[in-house]
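Read through the structure below, which is laid out as structure tokens, and then see the notes.
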Amino acid sequence: MSKQAQFMDVSTYRRALDTSFVHRYSHGEDEWSWDIGMAKAARVFLDALGPKPDQHILDVGVGRARDASEFILAGHRVTGLDIVENSSWPLLRKRWGERLSLVCSALQDWQPPAGEVFDGVLDNGCFHHQHPDEWSRYLANIRQYARPGALIGLNVFGVDASNPEPGWREMDNQRQGYFFTEQGVRDTLEAFGFTWQDLVVIERQHGEAVYLLALVRT
């Protein structure tokens with residue numbers, strides 16, 4: 001089991017996250033870009049959006065835009081945020097044009113264009129890495145940027161045989177990860193004013209590890 005995390009201050013942790021993800025992308029170590037569990041989470045979210053075409057989706061932690069590309073192929077528009085601009089973005093912009101907007105920014109710092117709200121928001125593996133002192137601002141921004149009744153999907157680490165207790169675990173390059181119980185993720189999101197809809201347990205590609213995809217509404 002990974003040792004219990006010891007948190008640094010917010011600004012130092014943000015720099016550590018940035019350094020970690022720059023390193024992982026530049027060295028081809030971004031295994032989440034091909035993670036079968038995260039791909040399934042995106043498909044579940046897409047199905048839950050329903051058949052209405054041309055919905056505007058905010059993809060938090062867009063990465064190489066695997067999920068965003070699938071949403072576009074399904075007929076939607078996507079704004080993708082990420083703290084790291086990786087080498088695939090120029091080609092993605094050329095391929096998808098105005099259907100895909102890519103922004104290098106943390107969710108906590110970003111403001112959408114005036115009057116722009118989203119029909120759906122997917123955070124496929126970012127929230128569980130955020131500094132605990134930023135949870136409130138992070139979730140408040142999701143609520144603020146989504147229209148009333150919008151679908152929100154948060155895919156987070158779930159407790160498992162290797163990490164049976166909920167809480168923080170130290171990961172590579174000073175990243176930290178929070179492992180949730182099913183009740184814990186529900187309690188967290190309801191405490192921030194989201195309306196609970198569903199939870200889907202998804203197998204990760206690492207042993208017995210699981211993701212918990214929480215689906216809520218604003």
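For the record, in the sequence shown the residue sitting at position 79 is 79 according to the UniProt record's numbering, with numbers rising by one throughout. The C-beta atom is built at its ideal place from N, Cα and C for all residues, glycine as well.
Measure the C-alpha to C-alpha separation of residue i and residue j and round it to an integer number of angstroms.
i    : j    : result
V78  : G50  : 16 Å
S162 : A65  : 30 Å
K3   : E170 : Because K3 carries a pLDDT of 43, less than 50, the predicted location of this residue cannot be relied on, and no value is offered for it.
V10  : P132 : 9 Å
T195 : W96  : 33 Å
I57  : G63  : 15 Å
E190 : P90  : 38 Å
F180 : R14  : 22 Å
Please go through the same chain and pick out, in chain order, the residues whose beta-carbon is closer than 8 Å to the beta-carbon of residue i, but skip the five residues on each side of it.
i    : result
E182 : G158, L199, V201 and L212
R147 : V117, F118, D119 and T218
K94  : none
R186 : W196, L199 and A214
Quick one, are the C-beta atoms of residue i and residue j less than 8 Å apart?
i    : j    : result
D67  : A48  : no
H23  : N173 : yes
G153 : L122 : yes
I72  : L100 : yes
In chain order, what residues of the same chain lie with their CB nearer than 6 Å to the CB of residue i, ignoring the 5 residues before and after it?
i           : result
residue 225 : Nothing can be reported for residue 225, as the shown portion of the chain is limited to 1 through 218.
S105        : L81
N86         : Y25
So, at 7 Å on beta carbons, what are the nonlocal neighbours of residue i in its own chain, with the 5 sequence-adjacent residues on each side left out?
i    : result
L107 : V60, L81, Y138 and N141
For the beta strand (DSSP E) containing residue i, list its first residue and its last residue.
i    : result
N141 : Per DSSP, N141 belongs to no beta strand (DSSP E); it is in the alpha helix (DSSP H), W135 to Y145.
W196 : T195 to E203
A214 : V210 to R217
Name the two residues that bound the continuous alpha helix (DSSP H) containing residue i.
i    : result
E182 : E182 to A191
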